[in-house]
Every structure is written in C-alpha cells, then in structure tokens.
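Colleague:
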Amino acid sequence: MDYHDHPQELSHLGVDVIDIRSSCGTATGKSLKEEILDSIRGGGDKHCVVEESGGLIEWSRSIPTGILYEGCGIDLYENITRDPSYYLYRDELSIFQEYSHEIAMLLLGTAATRKGTKRISSSRHAKNIHLSLVDLGKNMFRRSFSAGRLDKSSCLLNGICRQIELDQTLMKGSRAISTTYCAVDLQYAQLQTRIEQLLREKPDLVNGRLEAQPHSGVSVRGVCGSYYDAMEFLRDGGLVDDSSRTPIYLHNTQFRKCLMWLGSSFTNLKPVQAAKFLRQFTQEGVLQTGDFMLIGIDRCRDVEKVTAAYSDTSERWQQYIQNGLYTAAHTVGDESLAEDWTYVARWDAEEGRHLRFVRSDRHRTVLPDIEISAGEHVLLAQSYKYTRQDALGVFDMSGLTVRYEWVNQPDDCSLFLLEKTGL
964 MDYHDHPQEL SHLGVDVIDI RSSCGTATGK SLKEEILDSI RGGGDKHCVV
1014 EESGGLIEWS RSIPTGILYE GCGIDLYENI TRDPSYYLYR DELSIFQEYS
1064 HEIAMLLLGT AATRKGTKRI SSSRHAKNIH LSLVDLGKNM FRRSFSAGRL
1114 DKSSCLLNGI CRQIELDQTL MKGSRAISTT YCAVDLQYAQ LQTRIEQLLR
1164 EKPDLVNGRL EAQPHSGVSV RGVCGSYYDA MEFLRDGGLV DDSSRTPIYL
1214 HNTQFRKCLM WLGSSFTNLK PVQAAKFLRQ FTQEGVLQTG DFMLIGIDRC
1264 RDVEKVTAAY SDTSERWQQY IQNGLYTAAH TVGDESLAED WTYVARWDAE
1314 EGRHLRFVRS DRHRTVLPDI EISAGEHVLL AQSYKYTRQD ALGVFDMSGL
1364 TVRYEWVNQP DDCSLFLLEK TGL
C-alpha cells in the first residue's frame, strides 16, 4: 500500500483513524523474528555490571525492549504504573496537572509568559493558528509507537481548550485557534478504544477534522502505524502541510506541530546515542524550523527509590516480563524460549542507569544454533537517569533549543519544551 498517496480512513464506531501501516515495520527491513534472533545470538562485546555483593553480571545477549510492549504488554505495563512504588508515571503526570495551562500557552503562542521564556508567535504575523499535537506514546524503541494511557495528554488538552476559550474572549473571535491531537499506535483496536474513551470523557473535543474553514476548537484523530511509518508520514508532511487535510485554510494561518515523547523513553540510550536518535527529527525533515518537541525525563538517582520502581520481586513486573518472553518465543517459533527464566533488576552506579535482565534457569538451545547456558543473563531493557546537564547536552547536539523546563516537586523529573531553530 502506498499510504503517501492514499492514506486509508477508518471510521469504525465513529472514531477517526488514519491507517498508514506499510508492509515493513522496521528501519532495517528485517522481520521482528530476525531482530529477536540477531539480538539473542549476541556475539558482540561483553558488558558487565558490579553487584552490591561485589560479584559481576556479564552479558552479550539481549532481547529487543520493544517485545515487552507487544500483545497485552502495554496493558501489563500500565498495571505497573499504578503501583505506588513506580514513581516515574506519577511524577511526570503531576507536571501536566500543575502546568498544562502554561504549556498550552507556549505551544499556541497566545500570550506572554513568565520571564525567561520566548514569546513564540504574535498575532501580527498570523491571524489564525493551527497546532498539530502528535503523541508518540511511551516507547519509540519498539516497532510501534504506543498511545498508552492518555492521562497526560488529557491534562494538556484541557489546558489547550481553556486557552482557546480565553483567546476567543480577549480577541473577540477575530481569529481562529485550532489543534488536532493525533495519538499514534500500531494496534488499531487499542488505539480506537483509547480515543473513544477520551471523546467520552471530553465531549467538547471533535472526532476527526474540524470544519474546512478557519474555526477554533480541538479535534482528535488516531494514526495507525509503526514508528517507521509515522516518521516517514510526518517527514512527507502528513497531518500538517496538505490544505485538504487540515482544519483551516492555509491563507493567513500559522501552522506548527509538536511531537510529544513522554515517559523518559529516550533515556534508554546513552546521551550520545540519544542525540543521534533525535537528529532523525531535526535533520531529516520531520521537524521544520519553529516546530516543537515535549520530552519528559526522569532524573532521579535515589538508588532505593529507583530500585523499588523496577523491583525484581514485584509480581506486576514478573507478569510483564513473562508476557514479553512468551511473545518472543511465539514470534521465533520456539516455545522453549518462554519458560524457566528469572527476572533480575540491578542499578549500575558507574553508568548511572538501571538494568533489567532475565537469567536462564537451565541450559537451553533456541532453534538449532543458539546455546544459552544455565545462569546466563540476557538484557531486556535499560534506563539511564540523566542529569540535567546530560539532557541539555543531548538537546544541543540534536539541534533543539530549550524554550522551557517544568519540574516536579522533588525536582528529579523534567518536562522540556524544545524548539527546532534554524541554526
């Protein structure tokens, strides 16, 4: 399917979803099965982390982190976010609950803000404003984005709606301000369910396009596709540049987009790797000059707090990990991969990161040629806990300028508003 010419419109149960799925969901062109087998074969450099006991955990094999989110993995992950020990989700949500009005004001450019911020737009430059707000979900390092829970987005949409109402009052309706919120997910049924729930909770939101004329309001759409599909779709101007697919005319209208990447997902990478990843957005045409990103980063280095959040004694974490193993086993066609593992979680003080493994409880042969010894560790996921300077360095290397930073009460979680500048 050439979705660039003919993106499909799905309207099951009234929910507006654009289907941009292509036959290949990876950048390498490999199937998910091939990616899993390549990772679990290992064969590269050996890595190690020192345990508190003084022992070493060594590994060279891994399973792609994204496999944990496949199938019912998203639901199991969301169950983890409800655990009182899992501070990450709660801390980031608290920022949206506290500052959604201010974030909305900066994104829409409708009013002056606190000292030190940049006034992003002025009515002298554009009478009407349209914002495309694209929610990339929890984790980019799977084949798909995942819309996941929309609590944070819901807070921000509340702020945007209030800001639009205020602007209409102050400007006496002389200009139109509109927003199209797009949630991205590979799983259509899950995407549809979450958007339906959002529309039920917020009846003022419009399902699908707004009127094809200057018109204030907020519309909601789904985008069904993989990460790679969505990147290409945005690069080709999807949702933004085609006047027949936007809610207001190009004439006298300023268009901008903001990509939301929440949940500290990009700190799965070392800072240098994260900068390289972000440059896909800033240097390959996904973001234009003046577009934005909202990025959430967990900066907590309280070892006790971090360890409790990823606890290897947690039943919720064990269920989540086991689902990923079952999915991997089913994908590669070897059910022996699913059983007899122990979830192991460790803090790596030297690298400032948390690591999640599974340890094989027995010797096993996966398919004909992969031998895994009893006691061998296989890496599933890692989470770097960036310092603020780490984060600022990543953004600078990526061509993104920090316009504002919001923090939670303990000041160990940040939400950054970043702008792609012309530099």
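Numbering (this note's numbering), first residue to last: 964 to 1386.
No residue lacks a Cβ here, since even glycine has one placed at the ideal position from N, Cα and C.
For clarity, every value in this text was computed on a predicted model and none was experimentally measured.
DSSP three-state call for L1378: helix, strand or coil?
Modeller: strand
Colleague: When you compare each of M1068, M1360, I1043 and D1374 to K1239 by their alpha carbons, which one comes out closest?
Modeller: M1360
Colleague: Just to check my reading of the structure: R1242 and R1351 have Cβ atoms closer than 8 angstroms, yes? What is that Cβ distance to the nearest angstrom?
Modeller: That pair is no contact at about 21 angstroms.
Colleague: Going by DSSP in three states, D1046 sits in which element: helix, strand or coil?
Modeller: coil
Colleague: Between which residues of its own chain and Y1052 is the CB-CB distance below 7 angstroms, once the five residues before and five after are set aside?
Modeller: Around Y1052: T1044.
Colleague: Can you give the Cα-Cα distance for I983 and E1159, rounded to whole angstroms?
Modeller: Those two C-alpha atoms are separated by around 20 angstroms.
Colleague: Classify A1337 as buried or exposed, calling it buried when 16 or more other Cβ atoms lie within 10 Å of its own Cβ.
Modeller: Exposed.
Colleague: For S1095, does the count of other Cβ atoms within 10 angstroms reach 16, so buried, or fall short, so exposed?
Modeller: S1095 counts as buried, since at least 16 other C-beta atoms from the protein chains shown sit within 10 angstroms of its C-beta.
Colleague: State the Cα-Cα distance for the pair S1116 and I1333, rounded to the nearest angstrom.
Modeller: 43 angstroms
Colleague: Please classify M1392: does DSSP put it in a helix, a strand, or coil?
Modeller: A question about residue 1392 goes unanswered here, because the residues of the chain that appear run from 964 up to 1386.
Colleague: Any idea which residues DSSP pairs T1142 with across the strands?
Modeller: L1094 and V1181
Colleague: Answer yes if the stretch 1289 to 1303 comes into contact with the stretch 1244 to 1264, meaning at least three C-beta pairs across the two stretches below 8 angstroms, and no otherwise.
Modeller: The stretch 1244 to 1264 vs the stretch 1289 to 1303: no contact.
Colleague: Please report how far the alpha carbon of D1311 lies from the alpha carbon of L1318, in whole angstroms.
Modeller: 7 angstroms
Colleague: May I have a chain-ordered list of the alpha helix (DSSP H) segments no shorter than 4 residues that lie completely inside the stretch 1293 to 1325?
Modeller: none
Colleague: Could you tell me which of A1354, G1356 and V1321 sits nearest to H1340, measuring between CA atoms?
Modeller: V1321
Colleague: Inspect the CB distances between the stretch 999 to 1008 and the stretch 1016 to 1026 and report whether three or more fall short of 8 angstroms.
Modeller: yes
Colleague: Go through the stretch 1325 to 1358 residue by residue and report every complete run of the beta strand (DSSP E) that reaches 3 residues or more, in order.
Modeller: Residue ranges of uninterrupted beta strand (DSSP E) with 3 or more members, entirely inside the stretch 1325 to 1358 and ordered along the chain, are 1327 to 1329, 1333 to 1335 and 1340 to 1347.
Colleague: Where does H1326 land, buried or exposed, given buried means 16+ other C-beta within 10 angstroms?
Modeller: exposed
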